[in-house]
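In what follows, a structure is listed as structure tokens, so that the remarks can point back to it.
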Amino acid sequence: MGVRVLPAWVAAIAAVGLALVLFVPYVAVRYRRRGDLGAGDVALAFGFLLYALALIAYVMVPMPPVGPDFCQYYGWVRPQWQPMHVLTEWPAVRTWRDLPRVAADGSFRSFALNVAFFVPLGMFLRHLFRRGFVATVLIGFGVSLLVELTQLTGIWWIYPCPFRIFDVDDLISNTGGTAIGVLFAPLLRLVPGQRAVADAGLPRPVTRWRRLLAMMCDLLLVWWAGQVFALLAGVFGFAGPWVPAWAEWWVPAVGLLVLTVAARGASPGQVIVRLRPVAAGDEVARAEPAAGRRPGAVAMLLRWLVGLGGVAGLLGLAVTPTEVPGAEIAWWVALGLLLVHGVSAVFGRDQRGISGRLSGLQVIDARVSAAVPDPADDRRPTSDRQDG
């Protein structure tokens, strides 16, 4: 794999792994601070994560092995302290016919790439973090300085001597790229699916996307807990063919049920996206928002069995010894059940999904119990029969 391609692969793999870890906290923070989250917001957040990791990867990767002649081999690496020294390396331009020759020059391309590489930083800082022009440029300069010092110190003295060049021209080009990024930041507004900033306490429509977010959060939480329980089982010496089943899937699924009961019927994922279940047919928003009937024990258990509890049970069965009846096909059945739930949530007429239909439940915005709307106000809290 090429030296230029390897950091990109490292960044992409790391971004996916880190996104699985950060997804639930990110959703929770967004709903607490802004009250809503769109698919465009998630896409831009992942784009920023991928960019940040790519920036780190291109500084750190590949890391050469240290041998006895390491410093001798990289003895030619010297800091470049003269501002805009790169101009002396470009071909002379006397007429416009010389421009293609400049564009093909290696030092010009390197300078241009350094500018382009920091343009996304300016765009993200301006659009996602609402930083002003001066603050964004200063942050870009600081990030570039950190990169150059990392190279000057041999990755902060991990290496006995630097193996990449500290170049003051890189500081100039990177900072300039950040400034250009501020000018291009309005283009990020064109990304569809972004939610406008509003009062986080106002109820929002219960959309298909929002219900899917809750499902994804629940699934990730069960998976995280399973990894922790599996690690603890190994630490405390639990072994046997059934340990992966109960540690990775069954115990976390039961824990999900306990948390759901404690939250009066709302799963952890629904709590995160500020939803709560009520008995189907309750016109909660018509007069008194707090009048929606909470789900009973039977309804909660049935929804859990048909939903993630059943999926986790099948996935646990899939990792049991193959002589257990159904173990060989359990994984495929679980995958099919997940797909059916997803399709039902997206394309169902009332968005209640399979588990909601069988348990007689629907979900509403959890904030309707704290914010009774004025009848004259057009922004009424909505149930899951509405789409956003």
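When the letters of the sequence shown are read in order and numbered with my numbering, they come out as residues 298 to 685.
C-beta atoms are modelled at their ideal positions from N, C-alpha and C, and glycine is treated no differently.
For P483, the first and last residue of its enclosing beta strand (DSSP E) | Indexing the sequence shown from 1 puts residue 483 at position 186. Per DSSP, P483 lies in no beta strand (DSSP E) and is assigned neither H nor E.
Go ahead and label V665 buried or exposed: buried means 16 or more other beta carbons lie within 10 angstroms of its beta carbon, across all protein chains shown.
-> On the sequence shown, residue 665 is found 368 positions in, with the first residue counted as 1. Under this definition V665 is a buried residue.
Hey, quick one: how far does the beta strand (DSSP E) through P574 stretch, first residue to last?
-> The residue labelled residue 574 in the question sits at position 277 within the sequence shown. Membership of P574 in the beta strand (DSSP E) is indicated by the continuous run L572 to A576.
Simplified DSSP assignment, three categories, for Q379 = Translated into the one-based positions of the sequence shown, residue 379 becomes position 82. Coil.
So, helix, strand or coil for V494, using DSSP?
-> For the purposes of this step, residue 494 is taken as residue 197 along the sequence shown, with counting starting at 1. Coil, per DSSP.
Using a threshold of 7 Å, state whether the C-beta atoms of L556 and P565 are closer than that.
-> Numbered from 1 along the sequence shown, position 259 holds the residue referred to as residue 556. Numbered from 1 along the sequence shown, position 268 holds the residue referred to as residue 565. Yes, the Cβ-Cβ distance between L556 and P565 is below 7 Å.
Can you pull the DSSP bridge partners for V660?
-> To locate residue 660, count along the sequence shown from 1; it is residue 363. Partner residues in the beta bridge of V660, as assigned by DSSP, are P574.
Considering only residues of the same chain and omitting the five flanking positions on each side of R329, which have a CB-CB separation below 8 Å?
-> Sequence index remark: in the sequence shown, residue 329 carries index 32 (1-based). A497.
Which residue spans inside the stretch 351-411 form an unbroken alpha helix (DSSP H) run of at least 4?
-> 367-370 and 396-400, all fully within the stretch 351-411.
Bridge partners of D464, per DSSP?
-> In the sequence shown, counting from the first residue as 1, residue 464 sits at position 167. Paired residue(s): Q377.
Kindly indicate which residue of A594, G537, P538 and W520 has the alpha-carbon position closest to the one of E545.
-> For the purposes of this step, residue 545 is taken as residue 248 along the sequence shown, with counting starting at 1. Considering only alpha carbons, the answer is W520.
For the stretch 350-368 against the stretch 300-309, are there 3 or more C-beta pairs whose distance is under 8 Å?
-> Segment contact: the stretch 350-368 against the stretch 300-309, three or more CB-CB distances shorter than 8 Å; contact assigned.
What does a CB cutoff of less than 7 Å around P417 pick up in its chain, not counting 5 residues either side in sequence?
-> Within the sequence shown, residue 417 is the residue found at index 120, counting from 1. Result list for P417: Y348 and G478, in chain order.
Jot down the residue ranges of each uninterrupted alpha helix (DSSP H) in the stretch 497-570, minimum 4 residues, whole runs only, in chain order.
-> Whole alpha helix (DSSP H) segments, 4+ residues: 505-532, 548-559 and 565-569.
Would you check if there are 3 or more beta carbon pairs closer than 8 Å linking the stretch 493-513 to the stretch 443-461?
-> The stretch 493-513 vs the stretch 443-461: no contact.
Put I455 into one of helix, strand or coil per three-state DSSP.
-> The residue you call residue 455 lines up with position 158 of the sequence shown. DSSP places I455 in coil when its eight states are reduced to three.
Got a sec? Which residues, its chain only, sit under 8 Å from V603 by beta carbon, not counting five neighbours each side?
-> The count along the sequence shown starts at 1 and reaches residue 603 at position 306. Contacts found: I651, S652, L655 and S656.
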